[in-house]
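Report on one structure; see the data block that follows.
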Amino acid sequence: AQKITQTQPGMFVQEKEAVTLDCTYDTSDQSYGLFWYKQPSSGEMIFLIYQGSYDEQNATEGRYSLNFQKARKSANLVISASQLGDSAMYFCAMGGVDKLIFGTGTRLQVFP
Amino acid sequence: DTGVSQDPRHKITKRGQNVTFRCDPISEHNRLYWYRQTLGQGPEFLTYFQNEAQLEKSRLLSDRFSAERPKGSFSTLEIQRTEQGDSAMYLCASSWGGDGTDTQYFGPGTRLTVL
Numbered sequence: 002a003q004k005i006t007q008t009q010p011g012m013f014v015q016e017k018e019a020v021t022l023d024c025t026y027d028t029s030d031q032s033y034g035l036f037w038y039k040q041p042s043s044g045e046m047i048f049l050i051y052q053g054s055y056d057e058q059n060a061t062e063g064r065y066s067l068n069f070q071k072a073r074k075s076a077n078l079v080i081s082a083s084q085l086g087d088s089a090m091y092f093c094a095m096g097g098v099d100k101l102i103f104g105t106g107t108r109l110q111v112f113p
Numbered sequence: 022d023t024g025v026s027q028d029p030r031h032k033i034t035k036r037g038q039n040v041t042f043r044c045d046p047i048s049e050h051n052r053l054y055w056y057r058q059t060l061g062q063g064p065e066f067l068t069y070f071q072n073e074a075q076l077e078k079s080r081l082l083s084d085r086f087s088a089e090r091p092k093g094s095f096s097t098l099e100i101q102r103t104e105q106g107d108s109a110m111y112l113c114a115s116s117w118g119g120d121g122t123d124t125q126y127f128g129p130g131t132r133l134t135v136l
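One line per chain: the protein sequences are A and B, in this order. In this text, residue positions in the first sequence follow our numbering: the first is 2, and each later residue adds one. In this text, residue positions in the second sequence follow our numbering: the first is 22, and each later residue adds one.
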């Protein structure tokens with residue numbers, strides 16, 4: 002069975018600093034995707050970044066990068082130059098065609 | 022580019038009543054998903070459609086739940102004889118299999134409260 006583990010219930014970071022949100026996964030599949038979503042207090046899940054299991058380079062999207070370590074089964078999200086608007090819940094997810102399996106999330110709070 | 026939309030955004034109902042939610046996916050997306058999210062948890066998969074075919078259902082989807090996507094466009098999720106345990110956020114997502122990533126884009130959700 003697939004499983005996502007996010008061990009940080011909450012994280013604090015000062016504005017303009019970088020922060021890493023941890024994610025480990027477990028699967029017996031050879032082909033899978035890893036995703037990060039942001040969920041503000043409004044409730045909508047906003048897609049941030051994707052990493053394919055066969056991708057050799059770490060994915061980047063603007064201020065977001067995914068530190069993919071396949072042997073360790075980890076897919077940590079790095080947010081550079083944090084902004085106040087980054088305060089939200091962040092979910093790591095894994096999936097293929099049929100469904101996504103989500104972790105329990107990390108609440109990130111950015112302070113001035 | 023219109024995103025995924027859901028209606029209603031909020032629903033308050035009494036235990037035992039039936040409720041129906043609607044989801045309109047991104048127009049070119051052929052896959053549509055329903056998830057449920059309770060407080061403090063990540064979303065949990067309920068079911069998914071490819072075009073009009075319902076291809077997978079979670080064991081979370083009890084007999085009181087039914088989902089349809091009659092013409093391969095919008096979808097409805099109905100809950101019959103609601104229970105207080107059904108109170109949750111119901112999220113719809115859609116994806117286009119042709120981009121190679123199957124990235125799912127979510128709607129704003131329907132928050133259900135069962136009194």
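Using N, Cα and C, we set each Cβ at its ideal position, and we do this for glycine too. Small disclaimer: the values here were computed from a predicted structure and weren't measured.
Go to residue i, then tell me how far its beta strand (DSSP E) extends in each direction, as first and last residue.
i	result
valine 135 of chain B	131-135
tyrosine 55 of chain A	No beta strand (DSSP E) holds tyrosine 55 of chain A; DSSP gives it neither H nor E.
asparagine 77 of chain A	75-80
Looking at residue j and residue i, is the spacing between their C-beta atoms short of 8 Å?
i	j	result
threonine 68 of chain B	serine 79 of chain B	yes
glutamine 62 of chain B	proline 129 of chain B	no
threonine 131 of chain B	arginine 30 of chain B	yes
leucine 53 of chain B	serine 108 of chain B	no
threonine 72 of chain A	cysteine 93 of chain A	What sits at residue 72 of chain A in the sequence shown is alanine, not threonine. No; because the gap between Cβ atoms is not below 8 Å, this pair is not in contact.
Taking Cβ-Cβ distances shorter than 8 Å, what residues in chain B pair up with residue i?
i	result
glutamate 45 of chain A	Phe127, Gly128, Pro129, Gly130
valine 79 of chain A	Chain B residues near valine 79 of chain A: none, gap ~19 Å exceeds 8 Å.
valine 14 of chain A	Result: empty, since nearest Cβ-Cβ is about 21 Å, beyond 8 Å.
Would you mind working out which of the options sits nearest residue i, comparing C-alpha positions?
i	options	result
threonine 25 of chain A	A:Leu78, A:Thr6, A:Lys100	A:Thr6
phenylalanine 42 of chain B	B:Ser116, B:Glu89, B:Gly106, B:Glu104	B:Glu89
methionine 95 of chain A	A:Lys74, A:Ser88, A:Gly11, A:Val14	A:Lys74
serine 94 of chain B	B:Ile47, B:Gly24, B:Ile33	B:Ile47
asparagine 51 of chain B	B:Thr23, B:Asp123, B:Gln58	B:Asp123
Which residues in chain A sit within 8 Å of residue i, going by Cβ to Cβ distance?
i	result
tyrosine 111 of chain B	Those within 8 Å of tyrosine 111 of chain B in chain A number zero; the least Cβ separation is about 11 Å.
For a contact defined as C-beta to C-beta under 7 Å, what are the partners of residue i on chain B?
i	result
aspartate 30 of chain A	Neighbours of aspartate 30 of chain A on chain B: none; closest Cβ ~13 Å, over 7 Å.
List, in order along the chain, the chain B residues whose C-beta lies closer than 9 Å to that of residue i?
i	result
glycine 53 of chain A	Gly121, Thr122
leucine 22 of chain A	Within 9 Å Cβ-Cβ: nothing; leucine 22 of chain A doesn't reach chain B, min ~13 Å.
Within the present structure, is the beta-carbon of residue i separated from the nearest heavy atom of the ligand ATP by less than 7 Å?
i	result
leucine 101 of chain A	Among the components modelled here there is no ligand, and therefore nothing to report on the ligand ATP.
Starting from residue i, find everything on chain A with Cβ-Cβ shorter than 9 Å and list it in chain order.
i	result
glutamine 101 of chain B	By Cβ distance, chain A contributes nothing, its closest Cβ being about 23 Å from glutamine 101 of chain B, past 9 Å.
Subject >> alpha helix (DSSP H) runs wholly inside the segment 24-81 of chain B, at least 4 long, in chain order >> reply: If we require 4 residues or more, the segment 24-81 of chain B turns out to have no alpha helix (DSSP H) run fully inside it.
Subject >> Every unbroken beta strand (DSSP E) within the segment 83-125 of chain B, with a cutoff of 3 residues, ordered by chain >> reply: Qualifying beta strand (DSSP E) stretches, in chain order: 86-89, 96-100, 109-116.
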